[in-house]
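Numbering (the working numbering), first residue to last: 19 to 354.
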């Protein structure tokens, strides 16, 4: 409630986003008891909004960026869902409708780059994100403010060739980047290095004159219209995943589990009726309905186990931190 100690702690910490402050400073600044402030901080820490470290005989509180944008209570608010511009999330209408049936409103934010969407999740600008699994695993050890629901759809990308030797163009730390690495390491592409783009329009509107582009649907359709030829696809490279759902710790266990269930139900529904929500998705993203009908034949439901996720983590992350740092990334659903 307004004026409560929790509210006052919230307002104080909102001024220190991205910074560290001594825990003792907080109770002194608010004239509150150490024990009660510590209880509130423990709750905020469980929600992934802050982190506390022991330094000598004192505790230091790190306030994550985006702290002030999080909801003060886990229920009764609009959830912001980040997605990446693509044809992949054809189940999105079912996901949103299922959450709304549980009394949760959803605002969808479309990003042009997967890593930006995941960073927005990690820093609290969105509450959930459908974004590439490699980027989620890459950022998880640094933030630990979200968990991953290891399900979604797979397929829907191509390695496109210009017909002339050159570099491989890809988005960074993404499923496309993973596919690029597989193709190059197996000697399937004679590439002259790697070039990254942070917006698919950079290659679809002004495609490179030589080399390869690893692109997702509908970007690779646009490249095909400009003379590029598909040379490799998901089955050629054995890529069994794409984007997964990241859920912020700030949602709390029950709401996060409800979101995970709604998400899996929507993906299962897509497997049975892939064309059910195409008009909704076209209106949301601006992607033409004809292109989405084509995409419905490209994407297939997928579920990843811990072994598969660990394999992706080993492939996309450096040796520091060790792959074991990603073991806590997967969401654990609670019973309603």
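Cβ atoms here follow ideal geometry from the backbone N, Cα and C, with glycine treated the same way.
Three-state secondary structure (DSSP) of residue i
| i | result |
| --- | --- |
| residue 159 | helix |
| residue 311 | helix |
| residue 66 | coil |
| residue 294 | coil |
| residue 91 | In this prediction, residue 91 has a pLDDT of 46, which is less than 50 and means its spatial position is unreliable; nothing more can be read from the coordinates. |
| residue 237 | helix |
| residue 79 | strand |
| residue 32 | helix |
| residue 71 | strand |
| residue 44 | helix |
| residue 349 | coil |
| residue 305 | coil |
| residue 264 | strand |
| residue 270 | coil |
| residue 320 | strand |
| residue 97 | strand |
| residue 164 | strand |
8 Å contact criterion, which residue i and residue j should meet: CB distance rounded
| i | j | result |
| --- | --- | --- |
| residue 216 | residue 152 | About 15 Å; that fails the 8 Å criterion. |
| residue 209 | residue 181 | About 14 Å; that fails the 8 Å criterion. |
| residue 55 | residue 27 | 7 Å |
| residue 247 | residue 179 | 5 Å |
| residue 225 | residue 184 | Not quite, the Cβ-Cβ distance comes to about 11 Å (not below 8 Å), so this is no contact. |
| residue 324 | residue 348 | 7 Å |
| residue 191 | residue 334 | 7 Å |
| residue 193 | residue 257 | 7 Å |
Contact check, residue i vs residue j, beta carbons under 7 Å
| i | j | result |
| --- | --- | --- |
| residue 138 | residue 100 | yes |
| residue 124 | residue 117 | yes |
| residue 186 | residue 320 | no |
| residue 177 | residue 250 | yes |
| residue 161 | residue 140 | yes |
| residue 188 | residue 232 | yes |
| residue 109 | residue 288 | yes |
| residue 105 | residue 310 | yes |
| residue 77 | residue 41 | yes |
| residue 284 | residue 112 | yes |
| residue 80 | residue 38 | yes |
| residue 136 | residue 155 | no |
| residue 6 | residue 107 | Residue 6 is absent from the model: the chain starts at 19 and stops at 354. |
| residue 67 | residue 268 | yes |
| residue 219 | residue 240 | no |
| residue 322 | residue 259 | yes |
| residue 292 | residue 173 | no |
| residue 143 | residue 84 | yes |
Test: residue i CB closer than 7 Å to a CB of chain D
| i | result |
| --- | --- |
| residue 331 | The structure shown contains no chain D; it holds only a single protein chain. |
Subject >> Sufficient close CB pairs (3 or more, under 8 Å) joining the stretch 165–173 to the stretch 262–280 >> reply: yes
Subject >> Runs of beta strand (DSSP E) wholly within the stretch 170–197 (minimum 3 residues, chain order) >> reply: 175–179, 186–188
Subject >> the stretch 307–316 contacting the stretch 127–137, beta-carbon criterion three pairs below 8 Å >> reply: no
Original post:
Residue ranges of each beta strand (DSSP E) run of no fewer than 3 residues wholly in the stretch 204–262, ordered along the chain?
Top reply: 212–214, 230–234, 247–250
**OP:** Give a yes or no on contact between the stretch 51–71 and the stretch 26–38, applying the rule of three or more CB pairs nearer than 8 Å.
**Re:** yes
**OP:** Identify every run of the alpha helix (DSSP H) within the stretch 117–153, keeping only runs that are complete inside it and at least 4 residues long; order them along the chain.
**Re:** 132–140
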